[in-house]
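Below is one structure, written out as structure tokens; comments come after it.
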Amino acid sequence: MASRLELARRERRARDENKRTARDLLQWGFRSQRGCVEWWWETTRPEGESG
């Protein structure tokens, strides 16, 4: 049976991995959202307008 110290270490490692995953998901979501906004802006802009 694993000692309490080992269990705590394992739990902390899992929490760190979860934090890292959440941060990656946030960054990915932000990037994809910005891409969608840029795509929407490109598709809804009136014809002939530059910029």
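Every letter in the sequence shown is one number past the one before it in the working numbering, and letter 37, counting from 1, is 37.
Ideal placement from N, C-alpha and C gives every residue a C-beta, glycine not left out.
Since this is a predicted model, take the numbers as computed values, not measurements.
Q: Just the C-alpha distance for Q33 and R10, rounded to the nearest angstrom, thanks.
A: 34 Å
**Q.** Per-residue DSSP class, three states only, for A22
**A.** helix
(Q) My output table needs one value for S3: the three-state DSSP class, helix, strand or coil. (A) S3 sits in coil when the DSSP states are folded into three classes, being neither helix nor strand.
Q) Going straight from the alpha carbon of S3 to that of A22, what length do you get? A) 29 Å
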